[in-house]
Amino acid sequence: PKNGVSFLDRVEMSVPLYVNHPDESALPQGWNEGAGNNLGGIITATNKLTDNINTNFYLGAMGGAYKNSVYEQSILAGGVVGVDHHVGKGVHARAEVVAGAISGYKNDPDKFIPALGVRGSLSRTFNARSIGEVEVGIKATWLPSKTAEKMAYGRATEGNSDAYVVEAMIAKRF
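Under the working numbering, residue 178 is the last one in the sequence shown; the count climbs by one each step, no gaps.
Structure, rendered in structure tokens:
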């Protein structure tokens, strides 16, 4: 609303376009990476904490499913905190940290393990006549699996790697 902060101000759907790992895989077939190999999607719903003209902070929740880098189905659920900056002329830049739980890894695909990510996006808002403002953009995500393991335990598991993901996104602002 124009005179306050709503409970839900934005819902986003993102799909992975490209995934890369800087380290070699311990899997004989290598990582499930490249263009179009990690099929799935993530939905993120956010609520503004501030109501400023150009820059706003937000909290939210996210969930989704996709084919992961070790060829298993992953389910992801978690929270998100970030900042949204209106650059101008309908262009938005967002930076966020996500934390939660994910399945499909560590030799037990049904077990959920902690997950952490850093995401940045650039999008353009369009006014669609029938549904109002819609954003279309690109998102880059860093999933620091190996980095986090090294920081927590002083070493990383053989065959573990960080992941870099490029996603296409579409969002509806309320």
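Idealized CB from N, CA, C, for every residue including glycine.
Contact between Gly141 and Arg128 holds: their C-beta atoms lie close to 6 Å from each other, under 8 Å.
Per the coordinates, the alpha-carbon of Asp55 lies some 36 Å from the alpha-carbon of Met155. By the CB criterion at 8 Å, Arg159 and Asp13 fall outside the cutoff. Contact between the region 60 to 72 and the region 38 to 47 is present: 3 or more CB-CB pairs across the two stretches fall below 8 Å.
In this structure, Ala144 sits near Val170, with a CB-CB distance shorter than 8 Å. Boundaries of the alpha helix (DSSP H) around Ala156: Ser149 to Tyr157. Contact annotation: His25 and Glu16 have beta-carbon atoms that are not nearer than 8 Å.
Taking 8 Å as the cut-off, the Cβ atoms of Ser125 and Phe116 do not count as close. Judged by DSSP secondary structure, Arg133 falls outside any beta strand (DSSP E); it is assigned neither H nor E.
Take the alpha-carbon of Asn131 and the one of Ile174: they are about 13 Å apart. Residue state for Ala103 is assigned as strand, using DSSP reduced to three classes.
Nearest to Thr151 by C-alpha distance, out of Asn42, Asp27, Val23 and Phe11, is Asp27. With a cutoff of 8 Å on beta-carbon distance, Leu53 and Lys71 are scored as not near each other. Ranked by how close their Cα comes to the Cα of Gln77, the residues Leu120, Ala39 and Pro113 have Pro113 in first place.
The three-state reading of DSSP puts Gly83 in strand, counting E and B together.
Assignment of beta-bridge partners to Ser18 by DSSP yields Ile46 and Met173.
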